[in-house]
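Undergrad: In this text, residue positions in the sequence shown follow the working numbering: the first is 9, and each later residue adds one.
Each residue gets a CB set at the ideal place from its N, CA and C atoms; glycine is no exception.
Dropping a structure here in structure tokens format, bear with me for questions.
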Amino acid sequence: MCIGIPTETVYGLAANAYSDKAVKKIFEIKKRPKSNPLIVHYLNISNLRKDCLLNKTFLKLFKKFCPGPITFVLKLRKNSKISKNVTNKKNTLAVRFPKHIILRNLLKNLDYPLAAPSANISSRVSAVKANDIKEDFGKKISFILNGGKAKIGLESTIIDLTKYPRILRLGGLEVSKIEKVIGKKIKRVINPKKKFSPGQSMLHYSPGIPVRTNIKIPNKNEAYILIKKKDREKKSNYFYLSKKNNLNEAAQNLYSLLREIKKKGYKSIAVEKIPNSGIGQSINDRLKRASKFKIV
Ligand code: TXA
Ligand code: MG
Numbered sequence: 009m010c011i012g013i014p015t016e017t018v019y020g021l022a023a024n025a026y027s028d029k030a031v032k033k034i035f036e037i038k039k040r041p042k043s044n045p046l047i048v049h050y051l052n053i054s055n056l057r058k059d060c061l062l063n064k065t066f067l068k069l070f071k072k073f074c075p076g077p078i079t080f081v082l083k084l085r086k087n088s089k090i091s092k093n094v095t096n097k098k099n100t101l102a103v104r105f106p107k108h109i110i111l112r113n114l115l116k117n118l119d120y121p122l123a124a125p126s127a128n129i130s131s132r133v134s135a136v137k138a139n140d141i142k143e144d145f146g147k148k149i150s151f152i153l154n155g156g157k158a159k160i161g162l163e164s165t166i167i168d169l170t171k172y173p174r175i176l177r178l179g180g181l182e183v184s185k186i187e188k189v190i191g192k193k194i195k196r197v198i199n200p201k202k203k204f205s206p207g208q209s210m211l212h213y214s215p216g217i218p219v220r221t222n223i224k225i226p227n228k229n230e231a232y233i234l235i236k237k238k239d240r241e242k243k244s245n246y247f248y249l250s251k252k253n254n255l256n257e258a259a260q261n262l263y264s265l266l267r268e269i270k271k272k273g274y275k276s277i278a279v280e281k282i283p284n285s286g287i288g289q290s291i292n293d294r295l296k297r298a299s300k301f302k303i304v
């Protein structure tokens, strides 16, 4: 079985990570290519030890940031019970310790970890509310745990720790904070030529209509996304990401705003320049990928 779960980043589509059958269902429902491995969600380290080899950098980052919006790619133990369908038979595993209290309570009651991709149709905007999942999947998902609107609103930051630390995806945790703990600059491999993290494919996080970035003046009839509300023009096609010019608030609102604009029937979206600092880097990463959408 496969259910909708809340996390502090975005909602997930979860199943028993030890069951081939349950994991297969996730790929079917999401129409996700089998080659794109899933993140496995654990309650704590003692459960993880059975499945992965832990290293010093992992332990340091775990202590500082977990539970929270960071995913680690680690080496998988040979005798781990993780279904081969999770990893596409690779010898590494992406793992994360979610913070949302409802999900943590669920994990406490299970004797297996949960494999869960973001709960959206492949290449589209992730779900940040229980209702988003209902809209995307309808009756295909029988149970959704409603945990309110996701606090962070963007997916976790992914760091590969199998060799030297490498950032594979920008996300809810700022890379500069991770660098502070590690004590040096971390390489970013966020557009890898070799697709070892296929979710990094250039078209992703798309609302299903064209998105243009860094726009000063929108076209007529185009939805226009701006960062802050104060002192700005009130027009029916203007949409604001934040009330107080706060980038964290903007991140939290981004996906729901993209969904709302699509629902209103707009045929394209223009976005003003978003400051590329802090979580603004992750917002810009998502917008850049969303902007690869083309009508064919
Ligand atoms: O915040 C999040 O991370 C959310 C919530 C639900 O936890 N999950 C999420 O999962 O964003 P998903 O499947 O949409 O994105 C997972 C990314 C994909 O880009 C996938 O390719 C990458 O993680 N990934 C998974 N396993 C990997 C591995 N062993 N090596 C490298 N990349 C991996
Ligand atoms: Mg996803």
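When DSSP builds the beta bridges, which residues end up paired with Y248?
TA: Paired residues: L234.
Undergrad: For the putative contact between P215 and V133, defined by C-beta atoms under 8 Å, what is the C-beta separation to the nearest angstrom?
TA: Sure, about 5 Å apart at Cβ, within 8 Å.
Undergrad: With a threshold of 7 Å, establish whether the CB of E163 neighbours any heavy atom of the ligand MG.
TA: It does: the Cβ of E163 is within 7 Å (strictly closer) of some heavy atom of the ligand MG.
Undergrad: Do you know how far the Cα of R112 is from the Cα of N55?
TA: The straight-line gap from Cα to Cα measures roughly 13 Å.
Undergrad: Please tell me whether N227 and A298 are closer than 8 Å, where the distance is taken between their beta carbons.
TA: Contact flag unset, no.
Undergrad: Can you give me the start and stop residues for the beta strand (DSSP E) that N222 sits inside?
TA: Taken as a continuous stretch (DSSP letters only), N222 belongs to no beta strand (DSSP E), as it is neither H nor E.
Undergrad: For the region 258-271 against the region 152-159, are there 3 or more C-beta pairs whose distance is under 8 Å?
TA: They touch, by the three-pair rule.
Undergrad: What does DSSP give as the partner residue(s) for F145 in the beta ladder?
TA: According to DSSP, which records beta bridges pairwise, F145 is partnered with nothing at all.
Undergrad: If we ignore side chains and look at the alpha-carbon of each, how far apart do L295 and F301 end up?
TA: Cα to Cα, the separation comes out at about 10 Å.
Undergrad: For the pair the region 172-187 and the region 29-37, tell me if three or more CB-CB distances fall below 8 Å.
TA: In short, these stretches do not touch, since the Cβ pair count stays below three.
Undergrad: Assuming S130 and P218 form a contact by the criterion Cβ under 8 Å, report the distance between their Cβ atoms to the nearest whole angstrom.
TA: So it is not a contact: roughly 19 Å between Cβ atoms.
Undergrad: On a CA-only basis, which of C10, N154, K33 and N99 is nearest V305? Give me that one, please.
TA: The structure shown does not extend to residue 305, since the chain spans only 9 to 304, so no value can be given for it.
Undergrad: Out of H212, K72 and D59, which one is the CA nearest neighbour of V81?
TA: Of the listed residues, the one whose Cα sits closest to V81 is D59.
Undergrad: What residues in its chain sit with their C-beta under 7 Å from that of E16, if we drop five residues either side in the sequence?
TA: Excluding residues within five positions, the ones whose Cβ falls inside 7 Å are P77, P106, K107, H108, A158, K159 and I160.
Undergrad: What residue range is occupied by the uninterrupted beta strand (DSSP E) comprising R177?
TA: It spans R174 to R177 - the beta strand (DSSP E) in which R177 sits, taken as one unbroken run.
Undergrad: Can you find a heavy atom of the ligand TXA that lies under 7 Å from the Cβ of I47?
TA: At least one heavy atom of the ligand TXA is nearer than 7 Å to the Cβ of I47, so yes.
Undergrad: Just to confirm before moving on: does the CB-CB distance between P121 and L46 stay below 8 Å?
TA: No, Cβ-Cβ distance for P121 and L46 is not below 8 Å.
Undergrad: Who are the near neighbours of G286 in its chain, counting only those whose CB is closer than 6 Å to its CB and skipping five residues on each side?
TA: Hits under 6 Å: E182 and L255.
Undergrad: As a quick exercise: from I235, I13 and D119, pick the residue whose alpha carbon is nearest that of N222.
TA: For N222, the nearest C-alpha among the options comes from I235.
Undergrad: Looking at T65: is its Cβ nearer than 8 Å to the Cβ of A102?
TA: No, Cβ-Cβ distance for T65 and A102 is not below 8 Å.
Undergrad: Buried or exposed, going by whether 16 or more other CB atoms sit within 10 Å of the CB of F145?
TA: Classification for F145: buried.
Undergrad: DSSP beta-bridge partners for V136?
TA: None; V136 has no bridge partner.
Undergrad: Exposed or buried, what is S43 when buried is set at 16 or more other beta-carbons lying within 10 Å of its beta-carbon?
TA: Classification of S43: exposed, given that the 10 Å Cβ count is below 16.
Undergrad: For V189, count neighbouring C-beta atoms within 10 Å of its own C-beta (all shown protein chains included) and say buried if the count is 16 or more, exposed if not.
TA: Exposed, because fewer than 16 other Cβ atoms sit within 10 Å of the Cβ of V189.
Undergrad: Within 10 angstroms of its Cβ, does I225 collect 16 or more other Cβ (buried), or is it exposed?
TA: Exposed, because fewer than 16 other Cβ atoms sit within 10 Å of the Cβ of I225.
Undergrad: Give the single residue among Y274, K252, L61 and I167 whose Cα lies nearest to the Cα of S244.
TA: Selected option, being the one with the closest Cα: Y274.
Undergrad: So is the beta-carbon of N128 under 7 Å away from any non-hydrogen atom of the ligand MG?
TA: Yes, the beta carbon of N128 sits closer than 7 Å to at least one heavy atom of the ligand MG.
Undergrad: Use the C-beta contact count for N229: other C-beta atoms within 10 angstroms, 16 or more gives buried, fewer gives exposed.
TA: N229 should be labelled exposed.
Undergrad: Terminal residues of the continuous alpha helix (DSSP H) containing R297?
TA: Its alpha helix (DSSP H) spans residues G288 to A298.
Undergrad: DSSP three-state label for K83, please.
TA: Three-state DSSP puts K83 in a strand.
Undergrad: Run through the DSSP bridge pairs and tell me what V279 is partnered with.
TA: Partner(s): I233.
Undergrad: Look up R57 in the DSSP assignment and say whether it is helix, strand or coil.
TA: Reduced to three states, the DSSP call for R57 is helix.
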